[in-house]
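Novice:
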């Protein structure tokens, strides 16, 4: 199949897998304009797990769509592996928030996971093996022939994660994937993301509005300001690599970090932009 | 890791009592209507309303003789060809129009115009163009049946959920694979609704196309019987048309349950 992602080389800081430079997005609304993102710049190194957190309405989803090549930015650029992203790149997989709408209801679980591989031309036998392994990784090895709508919300989101894993991306982008599942399922899925990240050595970009989740999951947390959006803070999380829902969340560092992020978000909501780029 | 058990939609296995009740509901009203008809016609000697027994006894003699091959089967053949052509044209053109913006802008006003033209008025025009043979009759069927399929396909293809479209784009599912595995299945509930309309319109147009300049076919036969005052035979033709309608609806039901099993399952789960 012809490659239509017109990728062209661009400059990146050495060592960065994903590089976002002065990214801006302004929507034309009627006769006026709405500035969703003013200017965002950051780098993600290969193998990092970065959480992006920000107040609601700060343009997290817009940012993510620009990163994944689904939306063209109006300013600046995104580069993956030195290639400017102008269309959805091969090396990136996206898990959407609306699991119920991002799985194909007419396809079985295994066909949902296998469709992107079919599009890539992976032969049948190899495809089946990859699909099975990915579904086993997320604990759904028994549900190959079920349809997505026969599964609970948490299991549907696991299918979406399996689809992303099977795609064997370098970057896994997740847009508030657990916003619509219950608390217990959410905790399980968070641990699943950590495990997938450790097992596969994939780079993860996890967008969330949940401060605790961002600190618990991330090796690094990017706090976004309220709209028009810039990066308010780039925080590294010095929690141990092995995390546990109970003991990690009880650590004094965890509490400190979440309080810090919380304050930043409060500042962002108040529109306190002291020290930020105009 | 906690596991929620897989929820499968309830599959109702019918009990004997349940089956009997279903049959009772389905057959009850027709049986009552038939009874009323028998009672009403029993004592009257009306020429225009023969009793059901008379109609039933004429039915076999009228339709299972030579009329089966000269009238019934040719009619059904034209109906089948007309409907299949409408579905193919409707789905192919509808998909093209639904996925191509400029084509849609170009064609939409014209489509509305053609849809509004009653196909019956096209009969004289098509007769001039195609003569009075099978192709004219099939063309009449297609001219009326293609619209519900085409317009529903356009709507269905345009209405694919944006999240699904973005999922497909980000996983680079494109071209024919996207059409076959994403776009058409997503549009299939609407396409099937269009096909259902197409079938009932097709049956009407099959009859009407045979009432003009014709010497065979169900429609021709019914008009012929009426003009020859063969009233019981005329009624038996109407009964036959009704039965064909029921058979077509049953076949459609089978096809729909196969094509849209996921859609019905999903709705059943959503209803809880």
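Residue numbers (the working numbering), protein chains in the order written: chain R, 19 to 296; chain V, 17 to 288. All residues carry an ideal CB built from backbone N, CA and C; glycine is no exception.
Using the Cα positions of residue 129 of chain R and residue 249 of chain R, report the straight-line distance between them to the nearest angstrom.
Specialist: As a position in the first chain, residue 129 of chain R is number 111, starting the count at 1. As a position in the first chain, residue 249 of chain R is number 231, starting the count at 1. Distance between the alpha carbons of residue 129 of chain R and residue 249 of chain R: 39 Å.
Novice: Step through the CB atoms of chain R and report whether any lies within less than 7 Å of the CB of residue 185 of chain V.
Specialist: Residue numbering aside, residue 185 of chain V sits at position 169 when the second chain is read from its first letter. With 7 Å as the cut-off, residue 185 of chain V counts as an interface residue toward chain R.
Novice: Cutting at 7 Å between CB atoms, please list the residues of its own chain near residue 280 of chain R, excluding the five before and the five after it.
Specialist: Here residue 280 of chain R is taken as the residue at index 262 of the first chain, counted from 1. Correct list, in chain order: 229.
Novice: If you compare alpha carbons, which of R:50, R:241 and R:186 is closest to residue 135 of chain R?
Specialist: To locate residue 135 of chain R, count along the first chain from 1; it is residue 117. Residue R:186 is the option with its Cα nearest to residue 135 of chain R.
Novice: Shortest alpha-carbon distance to residue 136 of chain V belongs to which of V:77, V:43, V:155 and V:56?
Specialist: Taking the second chain and counting its residues from 1, one reaches residue 136 of chain V at position 120. Checking every option, the nearest Cα to that of residue 136 of chain V belongs to V:155.
Novice: Determine the extent of the beta strand (DSSP E) in which residue 250 of chain R is found, giving its start and end residues.
Specialist: In the first chain, counting from the first residue as 1, residue 250 of chain R sits at position 232. Its beta strand (DSSP E) spans residues 247 to 254.
Novice: So, with DSSP's three-state summary, where would you put residue 32 of chain V?
Specialist: Position 16 of the second chain, counted from the first residue, corresponds to residue 32 of chain V. Residue 32 of chain V falls in the helix class under three-state DSSP.
Novice: What residues in the segment 130 to 142 of chain R bring their beta carbon closer than 8 Å to a beta carbon of chain V?
Specialist: From the segment 130 to 142 of chain R, only 133, 134, 136, 137 and 138 have a Cβ closer than 8 Å to chain V.
Novice: Which partner residues does residue 63 of chain R have in the DSSP bridge list?
Specialist: Taking the first chain and counting its residues from 1, the one referred to as residue 63 of chain R is at position 45. DSSP lists R:34 as partners of residue 63 of chain R.
Novice: Using three-state DSSP, classify residue 43 of chain R as helix, strand or coil.
Specialist: For the purposes of this step, residue 43 of chain R is taken as the residue at position 25 of the first chain. Three-state DSSP puts residue 43 of chain R in a strand.
Novice: Unbroken alpha helix (DSSP H) runs of length 4 or more, entirely within the segment 167 to 209 of chain V: which are they?
Specialist: 178 to 186 and 191 to 194
Novice: Under 7 Å between beta-carbons, which chain V residues line up against residue 167 of chain R? List them in chain order, please.
Specialist: Position 149 of the first chain, counted from the start, is the residue given in the question as residue 167 of chain R. Near residue 167 of chain R (Cβ distances below 7 Å), the residues of chain V are 281, 282 and 285.
Novice: By Cβ distance, which residues of its chain are closer than 6 Å to residue 145 of chain R, with the 5 residues on each side in sequence left out?
Specialist: Here the question's residue 145 of chain R lines up with position 127 in the first chain. Counting only Cβ-Cβ distances below 6 Å, and skipping sequence neighbours, we find 132 and 135.
Novice: Are the C-beta atoms of residue 205 of chain V and some chain R residue less than 7 Å apart?
Specialist: In the second chain, counting from the first residue as 1, residue 205 of chain V sits at position 189. By this cut-off, residue 205 of chain V is not an interface position.
Novice: Rounded to a whole number of angstroms, what is the C-alpha to C-alpha distance between residue 288 of chain V and residue 165 of chain V?
Specialist: As a working mapping, residue 288 of chain V is identified with position 272 in the second chain. As a working mapping, residue 165 of chain V is identified with position 149 in the second chain. So the two alpha carbons sit approximately 31 Å from each other.
Novice: Within the continuous alpha helix (DSSP H) that includes residue 95 of chain R, where are the two ends?
Specialist: Locating residue 95 of chain R in the first chain gives position 77, where the first residue counts as 1. No alpha helix (DSSP H) holds residue 95 of chain R; the beta strand (DSSP E) holding it covers 93 to 98.
Novice: Just verifying my parser: in three-state terms, what is the DSSP assignment at residue 216 of chain R?
Specialist: To locate residue 216 of chain R, count along the first chain from 1; it is residue 198. In this structure, residue 216 of chain R counts as helix in the three-state DSSP scheme.
Novice: Just to make sure I have the definition right: I need the residues of chain R whose C-beta is within less than 9 Å of the C-beta of residue 171 of chain V. Which are they?
Specialist: Here the question's residue 171 of chain V lines up with position 155 in the second chain. Simply none; closest approach about 18 Å.
Novice: Verify the CB distance criterion: does residue 219 of chain V have a CB-CB separation below 7 Å to chain R?
Specialist: By one-based count along the second chain, residue 219 of chain V stands at place 203. Judged by the 7 Å Cβ criterion, residue 219 of chain V is not in contact with chain R.
Novice: Count the other C-beta atoms from every protein chain shown that fall within 10 angstroms of the C-beta of residue 80 of chain V, then say buried if there are 16 or more, exposed otherwise.
Specialist: Numbered from 1 along the second chain, position 64 holds the residue referred to as residue 80 of chain V. With fewer than 16 Cβ atoms within 10 Å of its Cβ, residue 80 of chain V is classed as exposed.
Novice: Indicate whether at least one CB of chain R lies closer than 7 Å to the CB of residue 199 of chain V.
Specialist: On the second chain, residue 199 of chain V is found 183 positions in, with the first residue counted as 1. Residue 199 of chain V does not count as touching chain R.
Novice: Output the distance between the C-alpha atoms of residue 104 of chain V and residue 90 of chain V, rounded to the nearest integer angstrom.
Specialist: As a first step, residue 104 of chain V is located in the second chain; it is residue number 88 there, counting from the start. As a first step, residue 90 of chain V is located in the second chain; it is residue number 74 there, counting from the start. Cα to Cα, residue 104 of chain V sits roughly 21 Å from residue 90 of chain V.
Novice: What does the alpha-carbon distance come out to for the pair residue 280 of chain V and residue 74 of chain V?
Specialist: Here the question's residue 280 of chain V lines up with position 264 in the second chain. Here the question's residue 74 of chain V lines up with position 58 in the second chain. Rounded to the nearest angstrom, the two C-alpha atoms are 42 Å apart.
Novice: With a CB to CB cut of under 6 Å and the five nearest residues on each side skipped, what residues in its chain are close to residue 162 of chain V?
Specialist: The residue given as residue 162 of chain V occupies position 146 in the second chain. Taken in chain order, the residues that qualify are 102, 105 and 106.
Novice: Would you kindly work out how many angstroms separate the C-alpha atoms of residue 156 of chain R and residue 177 of chain R, rounded to a whole number?
Specialist: As a first step, residue 156 of chain R must be located in the first chain, where it is residue number 138. As a first step, residue 177 of chain R must be located in the first chain, where it is residue number 159. Straight through space, the alpha carbons of residue 177 of chain R and residue 156 of chain R are spaced by roughly 8 Å.
Novice: Output yes or no for whether 7 Å exceeds the beta carbon distance between residue 184 of chain V and residue 106 of chain R.
Specialist: Taking the first residue of the second chain as position 1, residue 184 of chain V is located at position 168. Taking the first residue of the first chain as position 1, residue 106 of chain R is located at position 88. Cβ atoms of residue 184 of chain V and residue 106 of chain R: not closer than 7 Å.
Novice: Where residue 192 of chain V and residue 173 of chain R are concerned, what is the direct C-alpha to C-alpha distance, given to the nearest angstrom?
Specialist: To locate residue 192 of chain V, count along the second chain from 1; it is residue 176. To locate residue 173 of chain R, count along the first chain from 1; it is residue 155. Residue 192 of chain V and residue 173 of chain R: Cα-Cα distance of roughly 29 Å.
Novice: State whether the segment 216 to 234 of chain R contacts the segment 57 to 71 of chain R, with contact taken as three or more CB pairs (one from each stretch) at a distance under 8 Å.
Specialist: yes
Novice: Please report the residue range of the alpha helix (DSSP H) in which residue 85 of chain R lies.
Specialist: On the first chain, residue 85 of chain R is found 67 positions in, with the first residue counted as 1. Unbroken alpha helix (DSSP H) run through residue 85 of chain R: 78 to 85.
Novice: With DSSP run on the structure shown, which of helix, strand or coil describes residue 241 of chain V?
Specialist: Against the second chain, residue 241 of chain V aligns to sequence position 225. In this structure, residue 241 of chain V counts as helix in the three-state DSSP scheme.
Novice: Got a sec, what are the start and stop residues for the alpha helix (DSSP H) residue 240 of chain R sits in?
Specialist: Working through the first chain from its first residue, we reach residue 240 of chain R at position 222. Careful: residue 240 of chain R lies outside any alpha helix (DSSP H), inside the beta strand (DSSP E) at 238 to 242.
Novice: Check the Cβ-Cβ distances between residue 176 of chain V and every residue of chain R, and say whether any is below 7 Å.
Specialist: Indexing the second chain from 1 puts residue 176 of chain V at position 160. No - not a single Cβ of chain R is within 7 Å of the one on residue 176 of chain V.
Novice: Should the segment 194 to 205 of chain V be called in touch with the segment 238 to 258 of chain V, which here means at least 3 C-beta pairs below 8 Å?
Specialist: no
Novice: With C-beta atoms as the reference, is residue 87 of chain R less than 7 Å away from residue 71 of chain R?
Specialist: Translated into positions along the first chain, residue 87 of chain R becomes position 69. Translated into positions along the first chain, residue 71 of chain R becomes position 53. Cβ atoms of residue 87 of chain R and residue 71 of chain R: not closer than 7 Å.
Novice: What number of angstroms, rounded off, separates the C-alpha of residue 35 of chain V from the C-alpha of residue 222 of chain V?
Specialist: Taking the second chain and counting its residues from 1, the one referred to as residue 35 of chain V is at position 19. Taking the second chain and counting its residues from 1, the one referred to as residue 222 of chain V is at position 206. Using only the alpha carbons, I get a separation of about 35 Å.
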